[in-house]
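In this note's numbering, the protein residues as written are 412 to 890. Heads up, the beta-carbon is just placed ideally off N, CA and C, and yes, glycines get one too. Source: prediction; values computed, not measured. Presented below is the structure to which this report refers.
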Amino acid sequence: MTKTLIPFADMGLNPALLQALTSEGYHTPTPIQSQAIPDVMKGKDLLGIAQTGTGKTAAFALPILHRLAADRKAPVPRTTRALILSPTRELASQIADSFKVYGAHLGFRVAVIFGGVKYGGQERALQQGLDILVATPGRLLDHVQQKTLDLSTTEIFVLDEADQMLDLGFVKPIRQVVSRMTARRQNLFFSATMPTEIGKLAGELLKDPVKVQVTPQATTVERINQSVIIVEQGRKRALLSEMFADPAMTRCLVFTKTKHGADKVAAYLEAGGVEAGAIHGNKSQSQRERALEAFKKGKLRVLVATDIAARGIDVDGVSHVVNFELPFVPEAYVHRIGRTARAGADGSAVSFCAPDEMKLLRDIERVTRQKLKAGIAATTRPWRRWTPPSWLRASARRPPCRTTSVRAATDAAPAVAAATAIRTATACVPKAARVSPTAFAAAASPAPSRPTAPSRRVRPSIPWPANARPSHRWKATSR
């Protein structure tokens, strides 16, 4: 039974928030927003499970802004009232941008801190005191240990993309962060999947939570047209380059397993005339920001990324997602293809599967509970190598040395041609009357200008110095 979606205007949100939503063109909430916002506004803990691209950010940003506006306080230096933890830099920046857009008429102080940049600007922002702080776990703990941030007065704690936190090994840092906060706080957990370890962490931190599960765990958006192509590993880059002959692939994300692989794919596409860039953990923050900004503005047709950025890319109008290599973790497939078909739009996801990746494909189909449409790419394997007949192989059992191979092949060409002609001409002659093609060809061929027998390569003599020891001379002559 489909639940009726409550409009934003009927949720009791702050008028300033409704004004910002109207200016952005948002009128009807998504299912996760409709179910989560009323309970979060009441101060309850919440565990939300929803597909990637269904609006989880607004599901916690809007009620947090409403609660802070209802109880305004002057920011205390080196503290924050609301803390949102994010696994990646890109996702942290986009969450902070969402808070700034929705709270444009409220005047709250919002900051984002992550690694890869200098500490100076972040320390100055923390010194003034914040209403909302979006951070990655590593850099957040650095500031806590340097005593530039105090979490003892934090009122709201949000853990976004909790399952990726587990994949990146952030469970221990999360517990360290939580241990520095007061027990009287509101906790919000949002994720697309719910592994066992994250379920245990949620049980430790959440108090009588409201569970909102819009769809079954690890399911994909219905609007995404998914398919898989069985192709050899060495053929993948050429196939990817050929796919961009289709003008429908206007804005495409390509995901690889490794950072080096992302650079190689981007360089291959650039060499083929396709505007492409790469984004991964080895890039500096400025390089990542420039590549992402160019992709958003349409200057890049393709952005090649690793799984570290799979959840941090929120770009409108992504037409296609290509899994150049299947992920080791099946749940990562859900987040990869969730970059397209966002906010109710349509999209396509194509996965390249090499023969040695069939087990990964079966794991993905088992986790997502659906069978992907499969196709086989045209192979580029060369034709089967021609095998010479036995009478010709017998004369070539002892190959010539490297120094005479070219000349021997040139001298033997007339003999081979004559033997082939004689064999064709005597096809209808009885076996008893036939002449050996090898003997006939050898007799009919002109004498070679140089002997074709392989000659033994003679090691050139090396003059040794007069003062060399006898042992050296003995070793040289005995080689």
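Residue i, DSSP secondary structure in three states
i    : result
Q624 : strand
Q637 : strand
D421 : helix
T491 : strand
H883 : Caution is warranted here: a pLDDT of 46 is assigned to H883, below 50, making its placement in the model unreliable, and the coordinate value is therefore given only provisionally. Three-state result, H883: helix.
H731 : strand
A678 : helix
V545 : strand
L560 : coil
D571 : strand
S602 : strand
V588 : helix
A362 : Because residue 362 is not part of the residues shown, which for the chain are 412 to 890, the question remains open.
V528 : coil
V582 : helix
L891 : For the chain, the structure presents residues 412 to 890; residue 891 sits outside this window and is missing.
L416 : coil
L651 : helix
8 Å contact criterion, which residue i and residue j should meet: CB distance rounded
i    : j    : result
C663 : V713 : 5 Å
T465 : T441 : 5 Å
V521 : K529 : In fact, because the Cβ distance is near 20 Å, the residues do not count as touching under 8 Å.
D456 : L617 : 5 Å
A431 : A515 : 5 Å
V676 : V625 : 34 Å between Cβ atoms; not a contact.
S509 : T468 : 5 Å
T559 : R489 : 6 Å
A613 : F600 : 5 Å
Residue interval of the alpha helix (DSSP H) (run including residue i)
i    : result
Q505 : 500-513
Q533 : 531-539
L552 : 548-556
G683 : Premise fails: G683 is in no alpha helix (DSSP H) and is neither H nor E.
F894 : The structure shown does not extend to residue 894, since the chain is modelled only from 412 through 890, so no value can be given for it.
L394 : Summary: the structure shown does not reach residue 394, with the chain confined to residues 412 through 890, and so no result is reported for it.
L612 : 607-616
Of the residues the options, the one placed nearest residue i, counting alpha carbons only
i    : options                : result
I543 : L560, L570, A507, T564 : A507
E776 : R634, D561, A470, S638 : S638
M422 : K453, R596, A765, S652 : K453
G683 : K670, A689, R648, A536 : R648
S730 : E742, R750, P741, P738 : R750
V733 : E534, K708, S759       : S759
L502 : V761, A573, P606, T565 : A573
R550 : I635, P584, S695       : P584
Unbroken beta strand (DSSP E) run spanning residue i, endpoints
i    : result
V642 : Unbroken run through V642: none, as it is neither H nor E.
S759 : 758-764
K784 : 784-787
A743 : Note, A743: premise wrong, no beta strand (DSSP E); alpha helix (DSSP H) at 741-748.
A716 : 713-716
Inset, instruction - Scan the stretch 431-476 and note each continuous alpha helix (DSSP H) run of 4 residues or more that stays entirely inside, going in chain order. - result: 442-452
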